[in-house]
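Residue numbers (the numbering used here), protein chains in the order written: chain A, 1 to 388; chain B, 389 to 698.
For each residue, glycine too, the CB sits at the ideal point set by N, CA and C.
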Amino acid sequence: MQVFKLYFRLLKHYKGILFIYFVIFIAVTFIISDNMSVSGGEEIYTTSLNVAIIDYDKKTLGNGLKDYFGDKHYLTEIEYDEDAILEELYWRELAYVLIIPEGFEAAILAGEEEKIELQSMKVPGTMTADYFQSELELYMSKLVALLNAGYSLDEAQAVLMDLKEEKATVSLAGFVNENQHDRCTVFFLYAPYLFVALGIQGVGLILLHMNGKEVKARMECSSMPIKQRIAGLTAGTLFYGGIMLAAVLIIAGILSKGSIYGDVRFPYFILNLISMLLLGLSLGFLAGTVAKNGNAVSGIVNVASLALCFLGGVFVPQEVFSDGITKVARFIPTYWYVQTNNEIGAMQTMNTELLQKILSQTGLVACYALAVFALTVVLISSRRKQMR
Amino acid sequence: MVVKIENLVKRYGDLVALDHFNLAIEEGEVFGLLGPNGSGKSTTINCLLSLLEFDKGKIEVFGQEMKPDSYELKKDIGVIMQNVAVFDELTVYENIDYFCGLYVKDKTERKKLVEEAINFVELSEFRKFYPKKLSGGLLRRLNIACGIAHKPKLIILDEPTVAVDPQSRNKILEGIQNLNANGATIIYTSHYMEEVEQICTRIAIMDKGKNIAIGTKDELKAMIDLGETISLEVLELSEESMTAIQGLPHVIKMTYENHLLKVKFSKGKHNLLRLLDLMKEREIGFGGVHAEMPTLNDVFLEITGKELRD
Ligand SMILES: Nc1ncnc2c1ncn2[C@@H]1O[C@H](COP(=O)(O)OP(=O)(O)OP(=O)(O)O)[C@@H](O)[C@H]1O
Ligand SMILES: [Mg+2]
């Protein structure tokens, strides 16, 4: 009880710095989740994308395409510059780059559409690119059908333009689950940053001070058994973790206007969050043991939280990872957290297969936490031996 | 017997910090461990408290073997280490309360004990202060309060007056004597012989991990063949007179520098009288007679051939 109470006195002392981390986290998440979250297929449909067109053909067909999509999306015509395009795609300043090859119109009119195809540059696997691609394919197939039916190119384009509003009802549910990018899923995606940064900062600082050579000697001399001291420390750490979890869940409640609490996915989200929370706390244990001072703890906070969040795909979407990076990322616990989070986010009903996947992935993250914890214990006991 | 240490050997690698060290401390003593820097005082204390493992020997406290998990024994021990051990994040009151709480669970009892400890070290005005805001002397007093709040029967203080102003130092020494008067046995380590002489009922002199002499301060001084050192202010002294002084019985050493004559005698009666007679006889004018009894430093010097403080 005494040690548990000390834990909170120390926590109270450091509430300023911990609060700052929390505020940064909340601010960052709110900004990002506002930009990224889109709830439901209809909204996706009305979303305008940044699309660039490189037109080598410069014919009526290309112009028609531009007119058709220009109303809805932000179209720009650009010159080919691979580096610039890749960079804009990477930063999502562009969702899709459409390349109309020379002779395209001629091929279509000659009924040889297989000969020359539209080309594109996009970030593979992104929802926005897939969405535009499907719109484009739909348009082209309708156009070809109209041409085959005897319409001239101008007529066909005019018909498609007229039909535009009606076609807008095409459902996207086939490839986009409407839940996937709701605000809570996006918000939970960033929880690793909070748990790792605040876990290390809080637990690390407190342990650092409890492990101070002098005060530790005094505690060792006391009549409080070591087991009780460890129990107090563990209880304090778990309670602190509980506060962080509660804060995240409360904010999720606010973001979803309370609906998340009744959501079928809620318990699984919690499970996933807890696995990450344990990792953050155990990293705090390790940091508090190896760090020599408060600055070292802050250093570990920055390195660990940023490394885990960037390499694991928290701050950078996993879709942009190259194969090589993905191979590495699979060894990073946050990678599995993100996977699980997205799977839970996209889930509509639970099935055994998904449940098994969620359990094994959260279990994996928990194992990482356990491994870090075990490493810390080994480190502590070997140091204790050295000291004596 | 409160503490019994037999044949204690502690090595740090090749360095033998304690070399077959023996010690026995009775209830009610203020026991001083005196030794120069690095002589093994802290090592002795750390072994006694089971903070350190040792290579050989036996340690008993209150008649029982002391082990890391001897929590019943630890209840009755209070520790004040050489380095201040408090939490900078807690106030004076909270610090004492925390460390007292490691021994005393009952809240009302603890409150009473903490108040007593605060009053004892005279820190009541500073109870809401954080350690960083305390002066060196006050900080030392807080350090002591944290170690004694639970009213231990055996109190171990490892150089508690390092870097403390004379006023605080006297307060601390007085406090230790009060604790002793209230029934606690005290172990006190220091390399200041004046402190040890002032408060300790018995003293062990340590050097290189060995207990080289043990006894009351008078017993220790009796061990060596040194009497008083007498100094006189003398304006002028002839070679002849110097030889005459040197020829007096019991004279060990004589110096004359800056008009100050210093004569060191071994034990014996009438040393001062004989010297003054000689001065009168030879009509040598003098003033400012000063006699100094041997100190523990002399004892240390005699046994080890070096000064206690370098
Ligand atoms: N952890 C350690 N590792 C190696 N050597 C040590 C260690 N602690 C102490 N020593 C050595 O053991 C010897 C005894 O040290 P100790 O601290 O017991 O002396 P001390 O009498 O308390 O000195 P001081 O008056 O400076 O506090 C010294 O030579 C010291 O250098
Ligand atoms: Mg020492």
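Three-state class that DSSP yields for residue i in the structure shown
{"i": "V700 (chain B)", "result": "There is no way to answer for residue 700 (chain B), as the model of chain B reaches only from 389 to 698."}
{"i": "R92 (chain A)", "result": "coil"}
{"i": "T631 (chain B)", "result": "helix"}
{"i": "E415 (chain B)", "result": "coil"}
{"i": "E43 (chain A)", "result": "Per-residue confidence for E43 (chain A) stands at a pLDDT of 40, beneath the threshold of 50, marking its modelled position as unreliable; no derived number is given."}
{"i": "K72 (chain A)", "result": "coil"}
{"i": "I325 (chain A)", "result": "helix"}
{"i": "Q119 (chain A)", "result": "strand"}
{"i": "L623 (chain B)", "result": "coil"}
{"i": "N646 (chain B)", "result": "coil"}
{"i": "D343 (chain B)", "result": "Examination of residue 343 (chain B) is not possible in this model, given that chain B is present from 389 through 698 alone."}
{"i": "T128 (chain A)", "result": "helix"}
{"i": "Q133 (chain A)", "result": "helix"}
{"i": "E503 (chain B)", "result": "helix"}
{"i": "H408 (chain B)", "result": "strand"}
{"i": "A537 (chain B)", "result": "coil"}
{"i": "V397 (chain B)", "result": "strand"}
{"i": "E319 (chain A)", "result": "helix"}
{"i": "M594 (chain B)", "result": "strand"}
{"i": "N599 (chain B)", "result": "strand"}
{"i": "I193 (chain A)", "result": "According to the sequence shown, residue 193 (chain A) is Tyr rather than Ile. It is helical."}
{"i": "Y481 (chain B)", "result": "helix"}
{"i": "Y580 (chain B)", "result": "coil"}
{"i": "I560 (chain B)", "result": "helix"}
{"i": "G571 (chain B)", "result": "coil"}
{"i": "A173 (chain A)", "result": "Here the model assigns A173 (chain A) a pLDDT of 36, short of 50, so the residue's position is not dependable, and the following value carries that caveat. Coil at A173 (chain A), not helix or strand."}
{"i": "Q157 (chain A)", "result": "helix"}
{"i": "K652 (chain B)", "result": "strand"}
{"i": "I200 (chain A)", "result": "helix"}
{"i": "I53 (chain A)", "result": "strand"}
{"i": "K5 (chain A)", "result": "helix"}
{"i": "G212 (chain A)", "result": "coil"}
{"i": "I390 (chain A)", "result": "With chain A covering only 1 through 388, there is no way to say anything about residue 390 (chain A)."}
{"i": "E220 (chain A)", "result": "helix"}
{"i": "A168 (chain A)", "result": "Here A168 (chain A) scores only 44 on pLDDT, less than 50, and its place in the model should not be relied on; the value that follows carries that caveat. In the structure shown, A168 (chain A) sits in coil (DSSP, three-state: anything other than H, G, I, E or B)."}
{"i": "Q339 (chain A)", "result": "helix"}
{"i": "V38 (chain A)", "result": "Summary for V38 (chain A): the model assigns pLDDT 48, below 50, so the residue's position carries little reliability; its value from the coordinates is reported in the next sentence. Correct three-state label for V38 (chain A): coil."}
First through last residue of the beta strand (DSSP E) which encompasses residue i
{"i": "I100 (chain A)", "result": "Y96 to I100"}
{"i": "I250 (chain A)", "result": "Looking at the DSSP string, I250 (chain A) is not in any beta strand (DSSP E); the run it does join, the alpha helix (DSSP H), is I226 to L255."}
{"i": "G676 (chain B)", "result": "F674 to E680"}
{"i": "V492 (chain B)", "result": "It is not in any beta strand (DSSP E) - V492 (chain B) carries neither H nor E in the DSSP assignment."}
{"i": "R670 (chain B)", "result": "Taken as a continuous stretch (DSSP letters only), R670 (chain B) belongs to no beta strand (DSSP E), as it is neither H nor E."}
{"i": "G445 (chain B)", "result": "K444 to V449"}
{"i": "L545 (chain B)", "result": "L542 to D546"}
{"i": "I468 (chain B)", "result": "I465 to I468"}
Endpoints, alpha helix (DSSP H) assigned at residue i
{"i": "G294 (chain A)", "result": "G294 to L311"}
{"i": "I612 (chain B)", "result": "Per DSSP, I612 (chain B) belongs to no alpha helix (DSSP H) and is neither H nor E."}
{"i": "G280 (chain A)", "result": "F266 to V290"}
{"i": "I260 (chain A)", "result": "I260 (chain A) -> no alpha helix (DSSP H), and no H or E assigned at all."}
{"i": "K462 (chain B)", "result": "Y459 to K462"}
* **Under 9 angstroms (Cβ pairs) to chain B, residues found in the stretch 209-225 of chain A** => Taking 9 angstroms as the Cβ-Cβ cut-off against chain B, the residues of the stretch 209-225 of chain A that qualify are H209, M210, G212, K213, E214, V215, K216, A217, R218, M219, E220, C221, S222, S223, M224 and P225.
* To do: Could you tell me whether the stretch 414-423 of chain B touches the stretch 466-477 of chain B, where touching means 3 or more Cβ pairs closer than 8 angstroms?
  => no
* Asked: Can you pull every residue whose C-beta falls closer than 7 angstroms to some heavy atom of ligand 2, listed in chain order?
  -> In chain order, the hits are B:K429, B:S430, B:Q470, B:D546, B:E547 and B:T577.
* Asked: On the three-pair Cβ rule with 8 angstroms, is the stretch 81-101 of chain A touching the stretch 46-56 of chain A?
  -> Touching, per the Cβ criterion.
* Asked: Which residues, in chain order, does the stretch 471-483 of chain B contribute to contact with chain A at a C-beta distance below 9 angstroms?
  -> N471, V472, A473, V474, F475, D476, E477, L478 and E482
* Taking a Cβ distance cut-off of 7 angstroms, strictly less, list which residues of the stretch 1-13 of chain A are near chain B, in chain order. => Cβ contacts with chain B: Q2, L6, R9, L10 and H13.
* **Segment contact, 8 angstroms Cβ cut-off, at least three pairs: the stretch 410-421 of chain B with the stretch 561-577 of chain B** => By the Cβ rule, the stretch 410-421 of chain B counts as touching the stretch 561-577 of chain B, because three or more pairs are nearer than 8 angstroms.
* Three or more C-beta pairs below 8 angstroms linking the stretch 648-668 of chain B and the stretch 562-572 of chain B -> no
* Touching or not, the stretch 113-123 of chain A and the stretch 66-73 of chain A, by the rule of three or more beta carbon pairs under 8 angstroms? -> no
* To do: Below 8 angstroms between beta carbons is the criterion; list the residues of the stretch 566-578 of chain B that meet it against any residue of chain A, in chain order.
  => none
* Within the chosen definition, does the stretch 499-514 of chain B reach the stretch 259-267 of chain A through at least 3 CB pairs nearer than 8 angstroms? -> no
* Using Cβ-Cβ distances below 8 angstroms, what residues of the stretch 486-519 of chain B are close to chain A? -> Y486, F487, G489, L490, Y491 and K493
* To do: State whether the stretch 610-630 of chain B contacts the stretch 448-455 of chain B, with contact taken as three or more CB pairs (one from each stretch) at a distance under 8 angstroms.
  => no
* Between the stretch 410-437 of chain B and chain A, which residues of the former have a C-beta closer than 9 angstroms to a C-beta of the latter? -> N434 and L437
* Give the residues from the stretch 538-570 of chain B that approach chain A closer than 7 angstroms (Cβ to any Cβ), ordered along the chain. => none
* Cβ contact check for the stretch 315-329 of chain A and the stretch 343-356 of chain A: 3 or more pairs under 8 angstroms -> Between the stretch 315-329 of chain A and the stretch 343-356 of chain A, the count of Cβ pairs shorter than 8 angstroms is below three; the stretches do not touch.
* Asked: Would you call the stretch 399-419 of chain B and the stretch 350-365 of chain A in contact, with 3 or more CB pairs under 8 angstroms?
  -> Flag = no, the stretch 399-419 of chain B and the stretch 350-365 of chain A do not touch.
* Asked: Taking contact to mean at least 3 C-beta pairs separated by less than 8 angstroms, is the stretch 424-439 of chain B in contact with the stretch 215-230 of chain A?
  -> yes
* Asked: Any contact of the stretch 231-243 of chain A with the stretch 309-318 of chain A, i.e. 3+ C-beta pairs under 8 angstroms?
  -> no
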